[in-house]
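To keep things clear, I will list the structure first and then write my remarks on it.
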Amino acid sequence: MYKVLACLRDQHDYRLVLLAVLICGLASYTAFHIYSSARQSRGSKRLGWIFLTGVATGAGIWATHFVAMLAFKTGLPTAYDPILTLASLLIAMGVTAIGFLIAVQGDTRWYPAAGGAVIGLGIADMHYTGMRAFSTTGTVSWDASIVVASICLLYTSPSPRD
87 MYKVLACLRD QHDYRLVLLA VLICGLASYT AFHIYSSARQ SRGSKRLGWI FLTGVATGAG
147 IWATHFVAML AFKTGLPTAY DPILTLASLL IAMGVTAIGF LIAVQGDTRW YPAAGGAVIG
207 LGIADMHYTG MRAFSTTGTV SWDASIVVAS ICLLYTSPSP RD
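Each residue of the sequence shown is one higher than the one before, counting from 87 in the working numbering.
The structure is reproduced here in structure tokens:
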């Protein structure tokens, strides 16, 4: 945990981190409003709202991530693979739409939970695909315990219903 906090403190441009936080808040607000329209609709209109929810929410998730990546300062020249960067955007939008589609299927709380689990895995996939797009003249290394912990944390945050 201290590694993560030290990285945030020492290796990030706070202005871009703040921008990422603002993007995240706006994307969340937008997602909730569009998703509520999807829940109230039926048939092809519902599918249209789900598609729009997936695109808007996925793009917001991706933009939050990408701006936060831009905030990371290594002190070395960096670059991003455009194909993997685009793939991470498409993953975010596609998997988010699938998750919201699952979430609206029933009235029990299991459907939204299952949809949320799919979205969480999609966010992890988008994140690590985006991280693979990052390159630098230095060595990029992965701490497997932090990767596993980051994915596990997706499913351990408290629910507002608990």
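We put the beta carbon where it would ideally sit given N, CA and C, even for glycine. None of these values were measured; they are calculated from a predicted model.
Status (buried if at least 16 other CB within 10 Å, exposed otherwise) for residue i
i    : result
A219 : buried
V234 : exposed
I205 : buried
T215 : buried
A124 : buried
P168 : exposed
P163 : exposed
L187 : buried
D248 : Unreliable placement is indicated for D248, whose pLDDT of 48 sits below 50; no coordinate value is reported for it.
A113 : buried
Which of helix, strand or coil DSSP assigns to residue i
i    : result
S127 : coil
T116 : helix
S227 : coil
D248 : The predicted model places D248 with a pLDDT of 48, which falls under 50 and marks its position as unreliable; any figure quoted below should be read in that light. Coil, per DSSP.
T222 : strand
Q97  : coil
T215 : helix
T164 : strand
Whether residue i touches residue j by CB criterion (9 Å)
i    : j    : result
G140 : T182 : yes
Y121 : A189 : yes
A106 : A145 : no
H98  : A154 : yes
T150 : T116 : no
I299 : G208 : Because the chain here runs from 87 to 248, residue 299 falls outside it and cannot be looked at.
P213 : S227 : Going by the sequence as given, residue 213 is His instead of Pro. Not in contact: H213 and S227 (Cβ atoms no closer than 9 Å).
Nearest-angstrom Cα separation, counted from residue j out to residue i
i    : j    : result
T222 : S174 : 19 Å
V103 : W148 : 14 Å
L170 : R128 : 35 Å
D193 : K131 : 18 Å
Q126 : L176 : 26 Å
C110 : Y100 : 15 Å
Residue i versus the options, residue with shortest Cα-Cα distance
i    : options                   : result
F152 : R132, H119 and A178       : A178
T160 : I232, T194 and G224       : G224
A210 : S114, R195, L239 and Q191 : L239
I136 : G111, Q191 and Y166       : Q191
G180 : L138, A165 and I109       : L138
Residue-level contact to chain B via CB, residue i, 9 Å cutoff
i    : result
I188 : Protein chains in the displayed structure number just one, and chain B is not present.
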